[in-house]
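Chemist:
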Amino acid sequence: MKNRWSEKRAGKLTGIDALVYASRIIGEEPELVLWGGGNSSAKAMVKDHLGREVRVLLMKGSGSDMRTITTKQFTPLRLDELLPLLEREDMTDEEMVAYQSRCMMENAAPKPSIETLLHAFLPAPHVYHTHADSICALTDTSDSPKLIHSVYGNDVALIPYLRPGFRLAKLVAEAYRQNPDLRAIVLDKHGLVAWGKTPKEAYNETIRMVSEAERFIRRNIQGRFDRPVRAIVAQPASERRAHAALVAPLLRGAVGRSRRMIITYEDSKLALAFVNDPRARLLSQVGPFTPDHMLHTKPKPLFLELTGTRTSEAIADVVRDAVEHYRKEYVKYFERHKSPGVTMLDPYPRVILIPALGMFTTGKDRRAARITHDLYMHTMRVILKASAIDSYTTLSPKDICDFEYWPLENFKLTLLPQEKQLSRRIVLVTGAAGAIGRAIASRLVAEGASVILTDIHEKKLRALSAELNQQAGEENTVAIPMDVTDEDSVVNAFQQAVMAFGGLDILVSNAGIACSAPVESVTLDDWSKSFAVNATGHFLVCREALRLFKRQGLGGNVVVVSTKNVLAPGKDFGAYSASKAAQAQLARVLAIEAAEFGVRVNMVNPDAVFEGSGLWSKEVRESRAKAYGIQVEQIEAYCADRNLLKVRITAHDVAEAVLFLASDRSSKTTGAIIPVDGGVKEAFPR
Ligand code: ZN
Numbered sequence: 083m084k085n086r087w088s089e090k091r092a093g094k095l096t097g098i099d100a101l102v103y104a105s106r107i108i109g110e111e112p113e114l115v116l117w118g119g120g121n122s123s124a125k126a127m128v129k130d131h132l133g134r135e136v137r138v139l140l141m142k143g144s145g146s147d148m149r150t151i152t153t154k155q156f157t158p159l160r161l162d163e164l165l166p167l168l169e170r171e172d173m174t175d176e177e178m179v180a181y182q183s184r185c186m187m188e189n190a191a192p193k194p195s196i197e198t199l200l201h202a203f204l205p206a207p208h209v210y211h212t213h214a215d216s217i218c219a220l221t222d223t224s225d226s227p228k229l230i231h232s233v234y235g236n237d238v239a240l241i242p243y244l245r246p247g248f249r250l251a252k253l254v255a256e257a258y259r260q261n262p263d264l265r266a267i268v269l270d271k272h273g274l275v276a277w278g279k280t281p282k283e284a285y286n287e288t289i290r291m292v293s294e295a296e297r298f299i300r301r302n303i304q305g306r307f308d309r310p311v312r313a314i315v316a317q318p319a320s321e322r323r324a325h326a327a328l329v330a331p332l333l334r335g336a337v338g339r340s341r342r343m344i345i346t347y348e349d350s351k352l353a354l355a356f357v358n359d360p361r362a363r364l365l366s367q368v369g370p371f372t373p374d375h376m377l378h379t380k381p382k383p384l385f386l387e388l389t390g391t392r393t394s395e396a397i398a399d400v401v402r403d404a405v406e407h408y409r410k411e412y413v414k415y416f417e418r419h420k421s422p423g424v425t426m427l428d429p430y431p432r433v434i435l436i437p438a439l440g441m442f443t444t445g446k447d448r449r450a451a452r453i454t455h456d457l458y459m460h461t462m463r464v465i466l467k468a469s470a471i472d473s474y475t476t477l478s479p480k481d482i483c484d485f486e487y488w489p490l491e492n493f494k495l496t497l498l499p500q501e502k503q504l505s506r507r508i509v510l511v512t513g514a515a516g517a518i519g520r521a522i523a524s525r526l527v528a529e530g531a532s533v534i535l536t537d538i539h540e541k542k543l544r545a546l547s548a549e550l551n552q553q554a555g556e557e558n559t560v561a562i563p564m565d566v567t568d569e570d571s572v573v574n575a576f577q578q579a580v581m582a583f584g585g586l587d588i589l590v591s592n593a594g595i596a597c598s599a600p601v602e603s604v605t606l607d608d609w610s611k612s613f614a615v616n617a618t619g620h621f622l623v624c625r626e627a628l629r630l631f632k633r634q635g636l637g638g639n640v641v642v643v644s645t646k647n648v649l650a651p652g653k654d655f656g657a658y659s660a661s662k663a664a665q666a667q668l669a670r671v672l673a674i675e676a677a678e679f680g681v682r683v684n685m686v687n688p689d690a691v692f693e694g695s696g697l698w699s700k701e702v703r704e705s706r707a708k709a710y711g712i713q714v715e716q717i718e719a720y721c722a723d724r725n726l727l728k729v730r731i732t733a734h735d736v737a738e739a740v741l742f743l744a745s746d747r748s749s750k751t752t753g754a755i756i757p758v759d760g761g762v763k764e765a766f767p768r
């Protein structure tokens, strides 16, 4: 394992700064810790509020991530108040947590890690705890004591598996007391604890321990790893992905019965090698390689065999049955092993393994699905390594359930921000690069939606996606170029959209063009173009969305951005108004046809939005001004003046109406029109 310590960067760092530095370089190595796993501490002297020197343990706060940790995420605890606990026989988790919180120097500091006492009881000034893949590949075997001894001799102690807490901390302290020459302690089926007099020493020991494990594994697996017994099915990636795009919405529908999920797909060499290994069905059901992954991965993935299932209907049946079987098995496991007073969590799988296809992971958003993805990619490696050395073995089902339902672990979930109204919802917006599309996309992302941005203007689309992803801090949008008038382009874009987030909940059919001229001078070309975008474009995306909604089985929602002109047409706008009227009529028919599948279809009718609009080109402005009999520069004031409220309509106003129709707040509304026109009495819906 690469040693990331840099004397140049760390040389002058002292105290908590050195602790932050060491924690971060541990966090940067995914084979040491992943996504909030592991913890670190330092013992130091600090001054209290009266200026007295106090010995403290600077402990990583619960739920923080070592890769990005800051000084504020460490909690100072009075060490001299923690150490007397060594004399105690036993303590419940609640007593321990209450006691720890009384030892905190600062009330506002985060809750310290549940492994605080383990760090406190080891006398070394710097202690780092990781869930290193290679260490776990050794511990997750049938005879781990023998294996650990043959790698490290008597310099390292192996502590039998115990859920973190007081008793584990005592066992670690006892092992150290018996042999103060120990260089590290390995926690069976869990991870590594290493220490040192300085941060550098503790870090180096961590890396040395892991490197020795890596060398041992390399020597002992003799090429058995990386060589799946069954060759990877020689299927072109495009075919495999088309198949995955068919399966993803079925999975999303089946696992999202109680709460919708975002699904990501992985078909890397490792994922394929694992799922195609004939042992994978059994190996994947053994359990997690370190317990705290369960918060994200659940104890077991769903292993789903689709080979030989050909038709779309047959695949749908197999997927539904397999997910239902998983749910029932999960309920059985919970009932058998639960402790009194706990409530069952979501019984659906977070990881789905399918031979020949690869791996799907689910989460409340793309970030959560990615965390599960990363954890399971490492799990597959650890499983393959452990089973190449010996046989992959992990916790008992009772220990798994005790950990999965451990209040101190589930406490981390309460630290997450509250979910927003469109969280877990996938939206596809057409014409996203235009002024209205952009405002809609930005509003929906702000409300927690995962948004697929589509448009023919690829460059603008990608820039918008990058901007929105930066604002939201996550990959909540993807840019997919699409021409709504081209059937193949629409079908392809929907397939890519499914691969990005796993399915679809809401379509915002917004792409449109305007052309202004009296009927007698409209060219056939302009007429046809207007219909291609404003009518056929909506037809193609609505048709594709409906097919997808039906396959997914979670209902659906279509919001069509129409126009005031449908109800109150004006002169010289024939091609625009007629094509938009076709769109509006299509939306109404769709509302009638799709209701039985739980799909709603509604319209927003804005009046002219000028700000940043590509629709109101110079030519259209000039032509509309002529039609109204006014100067071109008066047009915006003219449009404001003709409505009852005398207001100008902005893209933001349209986005608010779209958000309402897209959200569950309008769940009983379909076939409706919301005007966003400041009140134009000729355009009152009737
Ligand atoms: Zn741990």
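To convert, count from 1 in the sequence shown and add 82; that's this note's numbering.
Every residue gets a Cβ at the ideal spot worked out from N, C-alpha and C, and that includes glycine.
1) Does the distance between the C-beta of Pro437 and the nearest non-hydrogen atom of ligand 1 fall short of 7 Å?
2) Does DSSP put Val729 in a helix, in a strand, or in coil?
3) Can you look up Asp537 in the DSSP assignment and give me helix, strand or coil?
4) What three-state label does DSSP hand Val179 in the structure shown?
5) Suppose contacts are defined by Cβ-Cβ distances below 8 Å. Is Val623 in contact with Thr461 by that definition?
6) Counting only the same chain and skipping the five closest in sequence on each side, list residues whose C-beta sits under 8 Å from that of Val729.
7) If you measure from the CB of Gly273, is any heavy atom of ligand 1 nearer than 7 Å?
8) Below 8 Å between beta carbons: does that hold for Val179 and Leu159?
9) Considering only C-alpha positions, which residue in the set Glu111, Val128 and Lys90 is nearest to Ile98?
10) Reducing DSSP to helix, strand and coil, say where Phe692 ends up.
11) Could you check what DSSP says for His375 in three-state terms: helix, strand or coil?
12) Between the segment 192-212 and the segment 236-250, can you find at least three pairs of beta-carbon atoms closer than 8 Å?
13) Do you know how far the Cα of Leu636 is from the Cα of Gln500?
14) What do you reckon, is the C-beta of Gly120 under 7 Å from a heavy atom of ligand 1?
15) Taking contact to mean 3 or more Cβ pairs, one atom from each stretch, closer than 8 Å, check whether the segment 489-499 and the segment 564-577 are in contact.
16) Give the straight-line distance between the Cα atoms of Tyr710 and Ser598, rounded to the nearest whole angstrom.
17) Nearest to Met426 by alpha carbon, out of Lys252, Ala398, Tyr487 and Thr454?
18) So which of Ser146, Gly680, Arg682 and Val642 has the shortest CA-CA distance to Ala663?
19) Need the endpoints of the alpha helix (DSSP H) that Met459 sits in, please.
20) Ligand 1 and His211: does the residue's C-beta get closer than 7 Å to at least one heavy atom of that ligand?
21) Mapping the DSSP letters down to three states, classify Ala124 as helix, strand or coil.
22) With 16 as the cutoff for other CB atoms within 10 Å, does Ala398 come out buried or exposed?
23) When the Cβ atoms of the segment 329-340 are set against those of the segment 412-426, are three or more pairs found closer than 8 Å?
24) Could you tell me which whole beta strand (DSSP E) segments of length 3 or greater appear in the segment 139-219?
25) Take the Cβ of Ser591 as the centre, count every other Cβ of all protein chains shown within 10 Å, and call the residue buried at 16 or more, exposed below.
26) Would you say the beta carbon of Pro246 comes nearer than 7 Å to a heavy atom of ligand 1?
27) On the DSSP letters alone, give me the boundaries of the alpha helix (DSSP H) that Leu526 sits inside.
28) Name the two residues that bound the continuous beta strand (DSSP E) containing Asn236.
29) Would Leu274 and His211 be called neighbours here (beta carbons separated by less than 8 Å)?
30) Smallest Cα separation from Gln552: which of Glu113, Ala575, Asn574 and Ala528?
31) Between Arg682 and Thr751, is the Cβ-Cβ spacing less than 8 Å?
32) In terms of residues, what are the limits of the beta strand (DSSP E) holding Asn639?
33) Say yes only if the C-beta of Glu197 is nearer than 7 Å to one or more non-hydrogen atoms of ligand 1, and no if none qualify.
34) Would you list the residues sitting across from Ile599 in a DSSP beta bridge?
35) Could you say which of Arg301, Leu546, Leu628 and Gly555 lies nearest to Leu220 if we only look at CA atoms?
36) On the CB-based measure, 16 or more other CB atoms within 10 Å of its CB, does Lys480 come out buried or exposed?
Modeler: Taking the coordinates as given:
1) Stepping through the sequence shown from its first residue, residue 437 is reached at position 355. Result no, Cβ not under 7 Å from ligand 1.
2) For this step, residue 729 is matched to residue 647 along the sequence shown. In this structure, Val729 counts as coil in the three-state DSSP scheme.
3) Looking up residue 537 in the sequence shown gives position 455. Residue state, collapsed to three classes: strand.
4) Numbered from 1 along the sequence shown, position 97 holds the residue referred to as residue 179. In the structure shown, Val179 sits in a helix (DSSP, three-state: H, G or I).
5) Here residue 623 refers to the residue found at position 541 when the sequence shown is read from its first residue. Here residue 461 refers to the residue found at position 379 when the sequence shown is read from its first residue. Taking 8 Å as the Cβ cut-off, Val623 and Thr461 do not qualify as a contacting pair.
6) Taking the sequence shown and counting its residues from 1, one reaches residue 729 at position 647. Cβ within range, chain order: Ala722 and Gly760.
7) In the sequence shown, counting from the first residue as 1, residue 273 sits at position 191. For ligand 1, at least one heavy atom lies less than 7 Å from the Cβ of Gly273.
8) As a first step, residue 179 must be located in the sequence shown, where it is residue number 97. As a first step, residue 159 must be located in the sequence shown, where it is residue number 77. Not a contact, by the Cβ cut-off of 8 Å.
9) Taking the sequence shown and counting its residues from 1, the one referred to as residue 98 is at position 16. Residue Val128 is the option with its Cα nearest to Ile98.
10) Here residue 692 refers to the residue found at position 610 when the sequence shown is read from its first residue. Phe692: coil per DSSP, three-state reduction.
11) To locate residue 375, count along the sequence shown from 1; it is residue 293. Correct three-state label for His375: helix.
12) yes
13) Along the sequence shown, read from residue 1 onward, the residue named residue 500 stands at position 418. Along the sequence shown, read from residue 1 onward, the residue named residue 636 stands at position 554. Spanning the two alpha carbons is a distance of roughly 23 Å.
14) Position 38 of the sequence shown holds residue 120. Yes.
15) no
16) As a first step, residue 710 must be located in the sequence shown, where it is residue number 628. As a first step, residue 598 must be located in the sequence shown, where it is residue number 516. If you take the alpha carbons of Tyr710 and Ser598, they lie about 12 Å apart.
17) Here residue 426 refers to the residue found at position 344 of the sequence shown. If we check each option's Cα against that of Met426, Tyr487 comes out closest.
18) By 1-based counting over the sequence shown, the position of residue 663 is 581. Of the candidates Ser146, Gly680, Arg682 and Val642, the one whose C-alpha sits nearest the C-alpha of Ala663 is Val642.
19) Residue numbering aside, residue 459 sits at position 377 when the sequence shown is read from its first letter. Looking at the DSSP string, the run of the alpha helix (DSSP H) that includes Met459 is Arg448 to Ile471.
20) Reading the sequence shown from its first residue, position 129 is the one you call residue 211. Yes, since a heavy atom of ligand 1 falls inside the 7 Å radius drawn around the Cβ of His211.
21) On the sequence shown, residue 124 is found 42 positions in, with the first residue counted as 1. Looking at Ala124 - three-state DSSP - the assignment turns out to be strand.
22) Along the sequence shown, one-based indexing puts residue 398 at 316. Buried is the call here.
23) no
24) 156-160 and 208-212
25) Position 509 of the sequence shown, counted from the first residue, corresponds to residue 591. Result: buried.
26) Start at 1 with the first residue of the sequence shown, and residue 246 comes out as number 164. The answer is yes for Pro246.
27) Translated into positions along the sequence shown, residue 526 becomes position 444. Element bounds for Leu526: Ala517 to Ala528.
28) One-based indexing of the sequence shown puts residue 236 at position 154. Counting along the chain, Asn236 falls outside any beta strand (DSSP E), and DSSP gives it neither H nor E.
29) As a working mapping, residue 274 is identified with position 192 in the sequence shown. As a working mapping, residue 211 is identified with position 129 in the sequence shown. Yes, these two residues count as a Cβ contact at 8 Å.
30) The residue given as residue 552 occupies position 470 in the sequence shown. Closest option to Gln552, Cα to Cα, is Ala528.
31) The sequence position of residue 682 within the sequence shown is 600, counting from 1. The sequence position of residue 751 within the sequence shown is 669, counting from 1. Contact: yes.
32) Looking up residue 639 in the sequence shown gives position 557. Asn639 -> beta strand (DSSP E) spans Gly638 to Val643.
33) Within the sequence shown, numbered from 1, the residue matching residue 197 stands at position 115. For ligand 1, at least one heavy atom lies less than 7 Å from the Cβ of Glu197.
34) Residue numbering aside, residue 599 sits at position 517 when the sequence shown is read from its first letter. Ile is not the amino acid found at residue 599; the sequence shown has Ala there. Ala599 pairs with Phe655.
35) Taking the first residue of the sequence shown as 1, we reach residue 220 at position 138. Answer by Cα proximity: Arg301.
36) In the sequence shown, counting from the first residue as 1, residue 480 sits at position 398. Lys480 comes out exposed.
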